[in-house]
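J.: Residue numbers (this note's numbering): 70 to 249. Each residue gets a CB set at the ideal place from its N, CA and C atoms; glycine is no exception. Since the structure is predicted, the reported quantities are computational estimates derived from the model, not experimental observations. Attaching a single structure in structure tokens format; questions to follow.
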Ligand SMILES: C[S@@+](CC[C@H](N)C(=O)[O-])C[C@H]1O[C@@H](n2cnc3c(N)ncnc32)[C@H](O)[C@@H]1O
């Protein structure tokens with residue numbers, strides 16, 4: 070696996086381990102539902118952590134007046150696919166592609182996050198999300214919840230790629246007060 074980073078983000082350490090989540094793309098038919106759940110507004114900065122072929126950032130950049138979408142992915146082949154997709158859609162000015170490990174890539178400027186990962190990985194990412202994200206940032210996950218957080222909204226029902234969890238920093242991760 071190549072170890073280079075995009076020249077735009079030279080400070081991000083290159084990924085040296087193995088992917089922790091397999092590649093399963095979000096179905097084309099539910100992309101619009103995901104984007105709606107993200108509640109994207111003018112000026113938003115959307116990160117897809119483990120973006121695969123970049124379908125979510127590209128569609129977001131095409132359809133919403135966001136400032137920027139950032140696609141974070143460790144697999145070279147998928148980075149290549151994402152680059153092609155961005156070029157085909159003509160959204161190079163709005164989509165950044167970062168080859169790197171989502172545990173290490175800074176996400177401080179995000180106002181919306183999408184994650185189609187696994188419950189165990191969401192749990193491992195939770196401290197990073199709590200540390201780096203600002204109050205009011207939306208975090209949307211597909212199929213897998215973030216343990217310890219309370220969704221402000223759950224869309225859909227049971228079955229594969231049918232449940233979308235919407236979290237908001239400051240509300241979903243509020244610590245419960247002790248009873249006394
Ligand atoms: C289930 S797929 C979701 C792809 C895309 N978000 C979508 O919804 O179509 C998870 C993605 O995370 C990537 N991934 C796994 N571990 C990663 C890591 N540590 N850092 C960055 N990406 C990772 C995988 O290569 C895969 O493309």
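Let me make sure I understand the geometry here. Which of 233, 230, 193 has the alpha-carbon closest to that of residue 217?
T.: Minimum Cα distance to residue 217 is reached at 193.
J.: Is the separation between the beta-carbon of residue 240 and that of residue 209 shorter than 7 Å?
T.: No, these two residues do not count as a Cβ contact at 7 Å.
J.: Compare the Cα-Cα distances from residue 232 to each of 130, 214, 244 and report the closest residue.
T.: Ranking 130, 214, 244 by Cα distance to residue 232 puts 214 first.
J.: My guess is that residue 136 and residue 114 are in contact by the Cβ rule of under 8 Å, so how many angstroms apart are they, rounded?
T.: Yes, residue 136 and residue 114 are in contact; Cβ-Cβ is about 6 Å, under 8 Å.
J.: Could I get the ranges of all uninterrupted beta strand (DSSP E) runs contained in the segment 204–235, with 3 residues as the minimum, in chain order?
T.: For the segment 204–235, whole beta strand (DSSP E) runs of length 3 or above, ordered along the chain, are 207–211, 222–225.
J.: Are the beta-carbon atoms of residue 118 and residue 171 separated by less than 7 Å?
T.: Against a cut-off of 7 Å, the Cβ pair of residue 171 and residue 118 comes out as a contact.
J.: Alpha carbon to alpha carbon, what distance is there between residue 243 and residue 125?
T.: About 28 Å.
J.: Give every residue of the same chain whose Cβ lies closer than 7 Å to the Cβ of residue 120, excluding the five residues on either side of it in the sequence, and list them in chain order.
T.: The answer, listed in chain order, is 126, 140, 141, 142, 151.
J.: Would you check whether ligand 1 has a heavy atom nearer than 6 Å to the C-beta of residue 188?
T.: No, the Cβ of residue 188 stays beyond 6 Å of every heavy atom of ligand 1.
J.: Could you give the DSSP three-state label for residue 22: helix, strand or coil?
T.: Because the chain in this structure spans residues 70 to 249, residue 22 falls outside the shown range and cannot be described.
J.: May I ask whether a heavy atom of ligand 1 can be found less than 6 Å away from the beta carbon of residue 146?
T.: Residue 146: no, Cβ never under 6 Å from ligand 1.
J.: Please name the residue or residues paired with residue 117 in a DSSP beta bridge.
T.: In the DSSP output, where bridge partners are listed per residue, residue 117 has 140, 183.
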